[in-house]
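Some notes on the structure that comes next.
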Amino acid sequence: MRITLLTVGQTEKNWTKDGLDTYVSRIRHYIPFSVNEIPELKNVSALDREQIKKKEGEMIMKAVKEGDEVILLDEHGKEYSSMEWAGVLERKLSSSGRDIIFIIGGAYGFSQEVYARCNGKISLSKMTFPHQMVRVIFAEQLYRALTIMKGQPYHHE
């Protein structure tokens, strides 16, 4: 079993790359983990939001295998405390046996095909964050959950 963070667009800012790299290396001490970046669409000025979501959705669907558990990072997803999130993740890791793919979509969200394919949605906050920043926040929360599961002192509660 492995976990993948699938994103639309590349991690561009050095400070987000550095933050993401820090947590990726920490997460890999606990579980196989990778970040897969789908290139942003080019020349989209003639496309409307739905067309952009559809094209991005097609690329997302190509990156997902049939047996994968797909969890969208979505503003309409369920919010968890860090302790609750650790419990959810622990149950997923111990029961499903499937690879888990967490997906951060493009600026306009996900296509209906991606929503139909997903096994769940989580929200990191009711606030809106730049997609670049969400990568680092999610990776930190994944790392935090893994340390909670192992009873390590990273999380203070």
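Offset between the sequence shown (1-based) and my numbering: plus 538. Glycine included, each C-beta is placed from N, C-alpha and C at the ideal position. Only a predicted model underlies this, so the values are computations on that prediction, with no experimental measurement involved.
Where residue i falls, given that 16 or more other Cβ within 10 Å makes a residue buried
i	result
residue 585	exposed
residue 649	buried
residue 685	buried
residue 540	exposed
Which of helix, strand or coil DSSP assigns to residue i
i	result
residue 637	coil
residue 669	helix
residue 616	strand
residue 554	helix
residue 675	helix
residue 545	strand
Member of the options whose CA lies at the smallest distance from the CA of residue i
i	options	result
residue 577	693, 613, 545	545
residue 692	620, 569, 570	620
residue 551	672, 569, 637, 603	672
residue 661	567, 636, 655, 641	641
Residue i and residue j closer than 9 Å at C-beta
i	j	result
residue 607	residue 563	no
residue 646	residue 591	yes
residue 549	residue 572	no
residue 658	residue 609	yes
residue 557	residue 695	no
Proximity test, residue i beta-carbon vs the ligand MN heavy atom, cut-off 8 Å
i	result
residue 591	Summarising the ligand content, the structure contains no ligands, and the ligand MN is consequently not present.
Residues near residue i in its chain [Cβ-Cβ closer than 7 Å; skip 5 each side]
i	result
residue 626	618
residue 667	675
Residue-level contact to chain B via CB, residue i, 9 Å cutoff
i	result
residue 560	Chain labels in this structure do not include chain B; a single protein chain is all it has.
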